[in-house]
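I have placed the structure first, in the form of structure tokens, so that the comments after it can refer back to it.
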Amino acid sequence: MLRPAKPDLYLLIILLTLVCLCVCDISDWQSTSTVHKEAFTDEDLDFLVFGDWGMNGQDPATHKFLQKAVADAMEICADEHDSKFVVNVGDNFYKGGKYDYQGVQTVDDEKWNTIWLDVYNGAKLSSINWYTVAGNHDWYNNVSAQIDYSLNKNNRFYLPALFYVRRTSFGPKNSTVAWIHIDTNIFFYDEATQKAKGMFGNFEIMGWDRDGAVEEKLKWIEDRLVENQDAKWIFVIGHHPLIGDCAQRYRMKELIPILDRHRVTAYFAGHNHVLEFLAPTRWSRFAQFISGAGSRTSKACEGDDWVSAKGTVGFLHVRISDKSGKMVYEFVDATDPSIEGGTQVFNGSLTNRPYWYPK
1 MLRPAKPDLY LLIILLTLVC LCVCDISDWQ STSTVHKEAF TDEDLDFLVF GDWGMNGQDP
61 ATHKFLQKAV ADAMEICADE HDSKFVVNVG DNFYKGGKYD YQGVQTVDDE KWNTIWLDVY
121 NGAKLSSINW YTVAGNHDWY NNVSAQIDYS LNKNNRFYLP ALFYVRRTSF GPKNSTVAWI
181 HIDTNIFFYD EATQKAKGMF GNFEIMGWDR DGAVEEKLKW IEDRLVENQD AKWIFVIGHH
241 PLIGDCAQRY RMKELIPILD RHRVTAYFAG HNHVLEFLAP TRWSRFAQFI SGAGSRTSKA
301 CEGDDWVSAK GTVGFLHVRI SDKSGKMVYE FVDATDPSIE GGTQVFNGSL TNRPYWYPK
């Protein structure tokens, strides 16, 4: 006859099970092999890009950050052009107003309502997906709560893992866009960066051993780019810029040859609270769009081709044509709430991957 297990053995089994579950969850949070696919019948694919927005925009004490002004202009633009989704480049929840902490604490944090749902509450922005990456301010608290919220409460705030891939097809010609969403925090911050010390403990919880994790994630990015070479358009989305002096932080510049080698069309980022653009050249053959002026302003990266005027908040509006194979873009200044829909301040176009490389 078998003797019943001792209580301490039961406790050990429970603890080991929890550890295994945590390890599995952490692995899932880091990256996912599942590719999110979506198809649209429209001839054009329209979307908005912005970040650095979570400043409690409806609180009068913080209205100076103009989060609500940007939200209102985005709603008008998205409704007019039938935008299909928002590309959210991170820094989703800041410290400020009545909140004395960065990021969110749990999936039930009231910031989900006061900073996101209650601000972007127009009919269009409240019905389309927000394809998200994490910024440094999201890492200063419980970044896994944002992933958990996406997976279990509201997948319109789409963040299934810190690194993930999407594929979008649209139009009669079935044009295909590949989107590689990455977490750049591990590439941007080193041990000497005072500002980053608050996130290193969270890196450890995530199982990232710094240099080893960087190498692993660089390989993950390269592998995903190899797998998506059949796409007409390839976009990489991260939080931190790769323009000029901004690319010199820790291991960021190692991303540039990888993106270049695999003929990425463009890189979208934020972090710097400006609207900024760098055209492709023979040395870096992908365009760069910085759209980090979702609620506040700051200095730009040195080395750009165009940057918004000091004090500007706004967003990037993009439209890709299946028929012409062109991508047209415009930066929209939403600083003045009295101007409905904002003001176009810079625009241009790119063609799809096989043809537009500069000679």
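According to UniProt numbering, the sequence shown is numbered sequentially starting from 1.
Where is the CB? At the ideal position from N, CA and C, for every residue including glycine.
Short Cβ contact (7 Å threshold) for residue i with residue j
i, j, result
"residue 139", "residue 185", "yes"
"residue 273", "residue 312", "no"
"residue 349", "residue 332", "no"
"residue 268", "residue 289", "yes"
"residue 236", "residue 264", "yes"
"residue 244", "residue 271", "no"
"residue 220", "residue 147", "no"
"residue 167", "residue 129", "no"
"residue 47", "residue 318", "yes"
"residue 250", "residue 200", "no"
"residue 178", "residue 228", "yes"
"residue 224", "residue 180", "yes"
"residue 145", "residue 183", "no"
"residue 56", "residue 96", "yes"
Residue i Cβ short of 6 Å to the ligand COA heavy atom set
i, result
"residue 111", "Looking at this structure, you won't find the ligand COA or any other ligand, since it has none at all."
Straight-line gap, residue i to residue j (C-alpha atoms, nearest Å)
i, j, result
"residue 21", "residue 294", "For residue 21, the predicted structure reports a pLDDT of 36, less than 50, and the residue's modelled location is therefore unreliable. A value from the coordinates is still provided. Their Cα atoms are separated by approximately 37 Å."
"residue 106", "residue 282", "46 Å"
"residue 124", "residue 159", "20 Å"
"residue 150", "residue 234", "24 Å"
"residue 76", "residue 100", "32 Å"
"residue 338", "residue 72", "10 Å"
"residue 299", "residue 239", "16 Å"
"residue 279", "residue 248", "19 Å"
"residue 162", "residue 127", "23 Å"
"residue 213", "residue 142", "19 Å"
"residue 45", "residue 137", "30 Å"
"residue 70", "residue 165", "27 Å"
"residue 203", "residue 230", "34 Å"
"residue 215", "residue 87", "26 Å"
"residue 260", "residue 218", "13 Å"
"residue 14", "residue 351", "Confidence in residue 14 is poor, its pLDDT being 30 and thus under 50, which makes the residue's placement unreliable; the coordinate value appears in the next sentence. One C-alpha to the other measures close to 56 Å."
"residue 330", "residue 153", "33 Å"
"residue 119", "residue 98", "16 Å"
"residue 207", "residue 256", "25 Å"
"residue 345", "residue 254", "31 Å"
"residue 104", "residue 116", "12 Å"
"residue 205", "residue 198", "12 Å"
"residue 66", "residue 102", "19 Å"
"residue 342", "residue 74", "8 Å"
"residue 222", "residue 285", "16 Å"
"residue 252", "residue 242", "7 Å"
"residue 419", "residue 301", "This structure gives no information on residue 419, because the portion of the chain shown stretches from 1 to 359."
"residue 347", "residue 193", "35 Å"
Three-state secondary structure (DSSP) of residue i
i, result
"residue 327", "strand"
"residue 403", "Because the chain here runs from 1 to 359, residue 403 falls outside it and cannot be looked at."
"residue 151", "helix"
"residue 307", "strand"
"residue 338", "coil"
"residue 261", "helix"
"residue 276", "strand"
"residue 333", "strand"
"residue 178", "strand"
"residue 70", "helix"
"residue 43", "coil"
"residue 314", "strand"
"residue 90", "coil"
"residue 32", "strand"
"residue 37", "strand"
"residue 202", "helix"
"residue 114", "helix"
"residue 107", "coil"
"residue 188", "helix"
"residue 288", "strand"
"residue 248", "helix"
"residue 119", "coil"
Short CB-CB distance (under 7 Å) between residue i and chain B
i, result
"residue 293", "Here there is only one protein chain, and chain B is not present."
Where residue i falls, given that 16 or more other Cβ within 10 Å makes a residue buried
i, result
"residue 232", "buried"
"residue 68", "buried"
"residue 132", "buried"
"residue 371", "With the chain represented from 1 up to 359, any question about residue 371 goes unanswered, as that position is not in the structure."
"residue 335", "buried"
"residue 191", "exposed"
"residue 42", "exposed"
"residue 353", "buried"
"residue 340", "exposed"
"residue 33", "exposed"
"residue 276", "buried"
Worksheet item: Touching or not, the segment 308-324 and the segment 168-181, by the rule of three or more beta carbon pairs under 8 Å?
Response: yes
Worksheet item: At a cut of 8 Å, does the segment 80-98 reach the segment 39-52 through at least three beta carbon pairs?
Response: yes
Worksheet item: Are the segment 77-84 and the segment 98-112 touching by the rule of at least three beta carbon pairs closer than 8 Å?
Response: no
Worksheet item: Hey, is the segment 33-43 in contact with the segment 303-312, meaning 3+ C-beta pairs nearer than 8 Å?
Response: no
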